[in-house]
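**Student:** Heads up: the protein sequence lines correspond to chains A and E, in order. Just so you know, the first sequence maps onto residues 87 to 201 in my numbering. Just so you know, the second sequence maps onto residues 1434 to 1546 in my numbering.
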Amino acid sequence: AQSVTQLDSHVSVSEGTPVLLRCNYSSSYSPSLFWYVQHPNKGLQLLLKYTSAATLVKGINGFEAEFKKSETSFHLTKPSAHMSDAAEYFCVVSSANTNAGKSTFGDGTTLTVKP
Amino acid sequence: DAGVIQSPRHEVTEMGQEVTLRCKPISGHDYLFWYRQTMMRGLELLIYFNNNVPIDDSGMPEDRFSAKMPNASFSTLKIQPSEPRDSAVYFCASRGLINYGYTFGSGTRLTVV
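1) Using only the alpha-carbon positions, how far apart do residue 172(A) and residue 131(A) sit?
2) Between the Cα of residue 1481(E) and the Cα atoms of 1491(E), 1497(E), 1473(E), which residue gives the shortest distance?
3) Hey, does residue 113(A) have any beta-carbon neighbour from chain E nearer than 9 Å?
4) What residues from the segment 1473–1491 of chain E come within 8 Å of chain A, judged by C-beta to C-beta, listed N to C?
5) Opposite residue 1470(E) in the DSSP bridges: which residues?
6) Who are the neighbours of residue 193(A) on chain E, taking C-beta pairs under 7 Å?
7) Which class does residue 138(A) belong to by DSSP, given the choice of helix, strand or coil?
8) Can at least three beta-carbon pairs, one atom from the segment 1471–1488 of chain E and one from the segment 1529–1544 of chain E, be found at a separation below 8 Å?
9) Per the DSSP calculation, residue 1487(E) is bridged to which residue(s)?
10) Could you pull the DSSP bridge partners for residue 103(A) from this structure?
11) Ends of the beta strand (DSSP E) at residue 115(A)?
12) Which residue or residues does DSSP assign as beta-bridge partners of residue 198(A)?
And the structure:
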């Protein structure tokens, strides 16, 4: 079985300050983990992915995430928020051995960036 | 590659009418997923296919909903008859190897009046 929990439904930061979006996962097997971003009235776009290589993963637009197996976490960070980062973010877990290839999505975190 | 292509982008229809949403996945991707997104329920998986075969349709809300994938390059989601509560954004996504994540289409915004 697999599951994912996004710990904050809403996060608000000021432009230029760091961003932290938290994600915990559960998986019976070695997971693949992803972050997707959805801007208003747009589809979901892959930000970054972890697939059992380096535990610190760099994505697009300056985002990165660290896979911590001991904490079953995959938090998304960015050193300095930009207004264009305002969007909804989804954490996703997949395991090749379970669910016949189906991924499990978190409920999403809405990021607001204040000027 | 043009990505996952969905049509139409917007659909407004009257209650009781049949609605057909279309999706062209990325060539070579052997998984195709249909999702529905609303403010109230968030992102819901409706059905997914592997090599054109439906694997899990447990998310299809009612018998009014049906999906087909006649070949590797085309899938449809049909609602008949449509109801106002079906109003939502419907996304199609495709995927190859599990390590590569999904590629989503731009979605179809359905409004049933």
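For every residue, glycine included, the Cβ atom is placed at its ideal position computed from N, Cα and C. Model, not experiment: these values are computed from the prediction.
**Tutor:** With the given structure in hand:
1) Distance between the alpha carbons of residue 172(A) and residue 131(A): 14 Å.
2) The residue with the shortest Cα to Cα distance from residue 1481(E) is 1491(E).
3) No, its Cβ sits nowhere closer than 9 Å to a Cβ of chain E.
4) Taking 8 Å as the Cβ-Cβ cut-off against chain A, the residues of the segment 1473–1491 of chain E that qualify are 1475, 1476, 1478, 1481, 1483, 1488, 1489.
5) DSSP lists 1476(E), 1522(E) as partners of residue 1470(E).
6) Under the 7 Å cutoff, chain E gives 1475.
7) Note: residue 138(A) maps to coil in three-state DSSP.
8) No: fewer than three Cβ pairs fall under 8 Å.
9) In the DSSP output, where bridge partners are listed per residue, residue 1487(E) has 1482(E).
10) For residue 103(A), which the question treats as bridged, DSSP gives no partner whatsoever.
11) No beta strand (DSSP E) contains residue 115(A), which DSSP labels as neither H nor E.
12) For residue 198(A), which the question treats as bridged, DSSP gives the partners 98(A).
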